[in-house]
Each structure stands twice: as C-alpha cells, then as structure tokens.
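Remember, the numbering used here sits 6 above the position in the sequence shown when you count from 1.
Working notes, structure below.
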Amino acid sequence: MMSHDQLLDLLRRHPNQYVSGAMMSEELNVSRTAVWKQIRKLEGAGYEIEASTRLGYRLVYSPDAISSEELTEARSSQRFGQSVHYYEQVKSTQDAARELAEAGAPEGTLVLAEEQTGGRGRMGRGWVSPQGKGIWMSMVMRPHVPIHCAPQLTLLTAVALCRSLRRLTVLPIGIKWPNDLLIHGKKISGILLESAAEDERLKYIVAGVGISVNLSERDYPEELLTKATSLRIEAGGAFSRSAIVKDFLAEWETLYDLFLQEGFSAIAALWESLSVSIGQKVRLITPQGELEGVPVGLEESGAIRVERADGSIVTIFSAEMGEPLSRS
7 MMSHDQLLDL LRRHPNQYVS GAMMSEELNV SRTAVWKQIR KLEGAGYEIE ASTRLGYRLV
67 YSPDAISSEE LTEARSSQRF GQSVHYYEQV KSTQDAAREL AEAGAPEGTL VLAEEQTGGR
127 GRMGRGWVSP QGKGIWMSMV MRPHVPIHCA PQLTLLTAVA LCRSLRRLTV LPIGIKWPND
187 LLIHGKKISG ILLESAAEDE RLKYIVAGVG ISVNLSERDY PEELLTKATS LRIEAGGAFS
247 RSAIVKDFLA EWETLYDLFL QEGFSAIAAL WESLSVSIGQ KVRLITPQGE LEGVPVGLEE
307 SGAIRVERAD GSIVTIFSAE MGEPLSRS
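Here it is in structure tokens:
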C-alpha cells in the first residue's frame with residue numbers, strides 16, 4: 007500500500023513541477039483513485055497540492071514541524087515555555103492548559119497543538135485553526151496581583167506579540183483595542199485570557215494565543231477573507247513557526263517581568279504606540295448600547311478613554327470595537 011512518505015517523496019523529486027496522475031499511478035503501483043485519496047489526506051495534514059486537469063499535481067507548500075524539544079532547549083526565556091505539552095490535535099489548547107493549571111502546573115507551562123477542533127476567541131467566537139499552518143497555544147500564568155489587573159495582562163500579551171511579530175516579519179502590524187492584531191485592517195491573531203481567582207487574588211491565568219502564520223486564502227471561509235489574513239499571505243512567503251514561538255516567549259516574559267516590577271504604565275505606553283485605534287473615530291458596541299467616538303488613550307485599568315463628539319470623555323471597560331469610521 008502506498009504511504010504518505012512515498013507520495014511526498016515523488017512530488018518533492020519534481021520541485022515546482024506538475025506530476026501527472028498517470029505517472030504517479032505507474033511509479034507507485036496504485037490506482038489513480040488511490041493517488042487522489044492520499045492527496046486529500048495530505049491536504050488535511052496541512053500540505054498544499056495544486057491540481058490541474060491537464061498537468062497533474064504540484065506540491066506548493068509543506069507545513070513546518072514545531073518541535074517541543076527544540077523549543078525547550080533553544081528558548082531564551084527563563085520561565086515561559088519551561089515545560090511544553092505538544093499535541094497533534096486537541097479541542098482547545100485553553101481547555102488543556104486549564105486542566106494542567108488546576109493540577110498545579112507551574113507558571114510558564116505551555117500547551118501547543120498542530121490543530122484545534124474547537125478553538126475559540128473572545129465572546130465565544132470560533133477560531134479557524136487548521137493543521138500545520140498556525141500557532142495555537144495556551145500558557146499558564148500565576149501572577150501575584152489583584153484580580154482587577156487581569157485586563158492589563160491581556161493588553162501586555164498583545165504588546166509582546168505585536169513587537170515580536172513586527173521584528174520577525176517587518177510587516178505593519180498594529181493592535182486594535184483591546185487585543186486584536188491587524189495588518190491593513192485584517193486580523194492575524196487573537197488573544198484570550200481566562201482567569202481563576204481565590205480570595206480576590208488571581209489563582210492562575212490561562213493565556214490563549216492564536217497566530218495565523220502560514221494559512222493561505224483557501225484555508226479561510228469565503229466570508230472571512232475580507233476580515234482575516236495571515237503572515238504568509240501578507241508577506242508572500244512562509245515563516246518558521248518554532249522561531250516565532252521562541253521569540254514571542256522571550257518578549258512576553260521580558261514585558262511580564264517589567265510589569266511585575268514597575269506596574270502597567272510602561273506597558274500602556276507601548277500599547278498606545280502600537281495601536282491602530284487611537285485617534286480614529288470608531289463605533290463601539292458596549293453592554294449599555296452603541297456609541298461613537300475617538301479613542302484617546304488607556305486608563306491604568308486597561309480600559310480605553312473615548313472622546314465623544316461633544317468633547318466629553320467616557321471610559322470603556324468592555325466593548326466590541328468596529329472598523330474606523332474615518333481616518334485622522
């Protein structure tokens with residue numbers, strides 16, 4: 007029986023070239039239907055194979071492997087990523103990390119998955135997380151801070167990820183309040199922090215981060231193509247997922263230590279410098295209703311200050327922020 011490796015080896019022996027179905031069938035001694043079925047399985051594993059009725063098949067993209075051993079050995083962070091739990095598939099890295107946190111896993115314990123079947127973002131939304139294309143991760147954090155500081159850590163995570171990705175990709179990535187990362191108005195990352203408290207102190211936080219690294223246009227439902235993108239789509243080339251995880255963990259830990267030592271003010275200044283929301287008229291959907299205004303800065307709590315048309319300033323703690331209504 008033909009294996010994945012045999013089919014991949016055949017395609018890789020003809021880089022940037024089409025291999026006809028007849029040739030594949032003959033060389034591998036299987037039917038053309040068997041070839042087609044194996045190609046579908048490879049696509050399900052994250053490989054991109056271009057098909058042409060006249061020419062055959064051509065390998066376009068192979069997913070890069072994330073090595074938990076490499077991450078553990080080569081990381082420059084001291085605590086973040088000290089223990090890596092790697093899965094081929096999970097329903098949600100958040101759920102897996104929460105179970106570890108409840109069992110006493112130390113701060114910095116990291117859960118990575120090649121694929122999530124039930125990934126989720128803020129407000130219970132689903133998250134597109136196909137196999138071998140992105141970074142789907144959650145980490146256990148145990149900060150000794152009051153529970154009201156949790157929103158600050160959400161913003162801190164966004165700053166760390168934005169700074170890291172800008173450095174690695176040289177793409178114009180910015181942050182939309184509170185924690186969405188965008189390129190040219192399209193989302194490339196989502197961040198979700200879920201906490202457990204005890205006696206008004208944080209017991210632990212599970213910080214989930216999804217990064218659309220090497221997804222192609224065909225990985226997204228058509229209705230999301232105007233709203234979502236990936237680093238690969240924007241840069242025109244693929245990136246090493248392991249390199250991104252390592253750099254992000256180091257940046258994340260550096261800013262986390264700064265936060266624990268000096269408070270939120272330095273993080274807030276960094277967030278404002280990376281924001282695509284500040285100075286732009288936007289519509290916000292809050293629990294109390296809709297409002298329009300121009301975000302002007304962050305509060306110490308992590309809430310955002312918004313200037314209304316009449317000059318009044320309102321403080322927003324929770325809202326869904328829309329696209330800019332006008333640009334300054």
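Here a beta-carbon is modelled for each residue, glycine too, at the ideal position from N, C-alpha and C.
Residue i: first and last residue of the uninterrupted beta strand (DSSP E) it sits in
i	result
P301	295-304
T99	No beta strand (DSSP E) holds T99; the alpha helix (DSSP H) holding it covers 99-108.
V66	62-67
S170	Taken as a continuous stretch (DSSP letters only), S170 belongs to no beta strand (DSSP E), being part of the alpha helix (DSSP H) at 156-175.
Q12	No beta strand (DSSP E) holds Q12; the alpha helix (DSSP H) holding it covers 10-18.
E113	It is not in any beta strand (DSSP E) - E113 carries neither H nor E in the DSSP assignment.
K182	179-182
L187	186-189
Y93	89-96
Alpha-carbon to alpha-carbon, residue j and residue i
i	j	result
Q44	E278	49 Å
L116	L187	21 Å
L106	V146	8 Å
E108	G114	14 Å
S144	V215	6 Å
K47	E229	25 Å
F270	E306	7 Å
R207	P149	9 Å
Y67	I319	50 Å
H91	V212	14 Å
G303	E268	19 Å
I250	I217	10 Å
L198	S26	45 Å
I239	I189	11 Å
P136	R38	27 Å
T175	A256	16 Å
L16	G52	18 Å
A244	S98	24 Å
Y262	L161	11 Å
N220	L171	13 Å
DSSP three-state assignment for residue i, whether helix, strand or coil
i	result
R289	strand
A244	coil
K252	helix
G214	strand
I72	coil
E54	strand
V84	This sequence places Gln at residue 84; Val is not what is there. Correct three-state label for Q84: coil.
T260	helix
V320	strand
Q122	strand
L266	helix
Exposed unless 16 or more other CB atoms sit within 10 angstroms - verdict on residue i
i	result
G180	buried
L231	exposed
P184	buried
R104	buried
D316	exposed
L331	exposed
S324	exposed
R333	Confidence is the limiting factor: at R333 the pLDDT is only 49, short of 50, which leaves the residue's position unreliable and the question unanswerable from this model.
Member of the options whose CA lies at the smallest distance from the CA of residue i
i	options	result
H154	E204, L187, C168	E204
Y24	R64, A164, H91, E268	R64
S83	L276, S307, D253	D253
E259	G87, S324, Q137	G87
K193	E200, A164, Y53	A164
P301	L290, G285, G295, T292	G285
L290	F265, A256, L261, E329	E329
E33	L13, R18, R169	L13
E94	I273, A156, G242, W142	W142
I196	K182, D101, D11	Here residue 196 turns out to be Gly, not Ile, going by the sequence shown. Out of K182, D101, D11, K182 has the C-alpha closest to the C-alpha of G196.
G242	T292, I310, S222, Y226	S222
Residue i - containing alpha helix (DSSP H), residue span
i	result
V41	38-50
W277	271-280
G196	No alpha helix (DSSP H) holds G196; the beta strand (DSSP E) holding it covers 192-204.
E32	27-34
Chain C within 8 Å of residue i, Cβ atoms only
i	result
F86	No chain C appears in the structure shown, which is made up of a single protein chain.
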